[in-house]
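For the sequence shown, UniProt numbering assigns the number 1 to the initial residue and increments by one for each residue that follows.
Note that CB positions come from ideal geometry on N, CA and C, so glycine has one too.
Since we're looking at a predicted model, the values are computed, not measured.
Just below is one structure, and these are the notes that go with it.
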Amino acid sequence: MKKIQAVIFDFDGVIVDTVPLYYKATKVIADKLGVTFTAEMNQRLQGVNRKQTIMTLLKDSMRNYSEQEVYELGEQKNEEYKKLIQNLDGKVVRPGIQLLLEELKKRGIPTAVASSSSNAPYLIEKIGLSSYFDHIVDVKKVKKGKPNPEIFLTAARQLQIPPQDCIAIEDGRAGLEGIQKANMFSVGVGEDEMMKNADLYVEKTEELTFEKLAKSYDEFFQVK
1 MKKIQAVIFD FDGVIVDTVP LYYKATKVIA DKLGVTFTAE MNQRLQGVNR
51 KQTIMTLLKD SMRNYSEQEV YELGEQKNEE YKKLIQNLDG KVVRPGIQLL
101 LEELKKRGIP TAVASSSSNA PYLIEKIGLS SYFDHIVDVK KVKKGKPNPE
151 IFLTAARQLQ IPPQDCIAIE DGRAGLEGIQ KANMFSVGVG EDEMMKNADL
201 YVEKTEELTF EKLAKSYDEF FQVK
């Protein structure tokens, strides 16, 4: 049986249910700019970094913005988001995720977070999950954001596990593309149809048990 060597988690949308908060924060900026921003657009932008999010909003704007203005809008968005996360606690952890983390830790399987959010380290500490992760790689530690595979490859390097022996879990299109480019076993979570292109797909996080993950991972390599 092919044994799991390491698991890399996206943060927002996989470990915690903060996607609605990103929508609220981004909507504030979109309204200031006078551009449309829907929940569907927010879902498509999951895993995309702050600058890319602002650039997407500005595509519908009637004027050009300088690099500095784009940066400032990104900072404003982050400030809005930080206001929204002040009162978060362990209740925000997605169903089934803590059980999976406990099982991985019990079995001595190393884990990492690969997040496009610079707030991930703070939030992981705040909700009491820091002891479950060997490494946290956020957007500040890489030069290129998702869908570039750099953040996943960096996590694998820190875990000292070859990328092809890593499992990575995502709920965003950009992140899933990054996992596939990194040549890792991909797990897609959520209702986005694109997640069904992953090596293993689950609609809800509570479906993602260690047993299911191990079985799917082993079967994948048997087929290969």
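Put simply, the stretch 190-210 does not touch the stretch 157-166. Fewer than three CB pairs are less than 8 Å apart.
Around the CB of Gly128, fewer than 16 other CB atoms lie within 10 Å, so the residue is classed as exposed. Non-local C-beta neighbours of Ala39 in its own chain, meaning closer than 7 Å and more than five positions away in sequence, comprise Tyr23, ordered along the chain.
Check the Cα spacing between Leu208 and each of Gln158, Val189, Phe220: the tightest is with Val189. In this structure, Gly175 and Asp17 do not form a Cβ contact; the two beta carbons are roughly 16 Å apart against a cut-off of 8 Å. If you check the CB distance, Lys77 and Ile29 come in under 7 Å. In the DSSP assignment, Phe185 falls within the unbroken beta strand (DSSP E) covering 185-189. Per DSSP, the beta-bridge partners of Ile167 are Val7, Phe185. Boundaries for Ile85: no alpha helix (DSSP H) harbours it, and the DSSP string shows neither H nor E there.
Distance from the CA atom of Ile124 to the CA atom of Ser130, rounded to whole angstroms, is 5 Å.
With contact defined as three or more Cβ pairs closer than 8 Å, the stretch 79-87 and the stretch 97-111 are not in contact. Under the three-state reduction of DSSP, Thr18 is assigned to coil, being neither helix nor strand. In this chain, the alpha helix (DSSP H) harbouring Leu104 covers 97-106.
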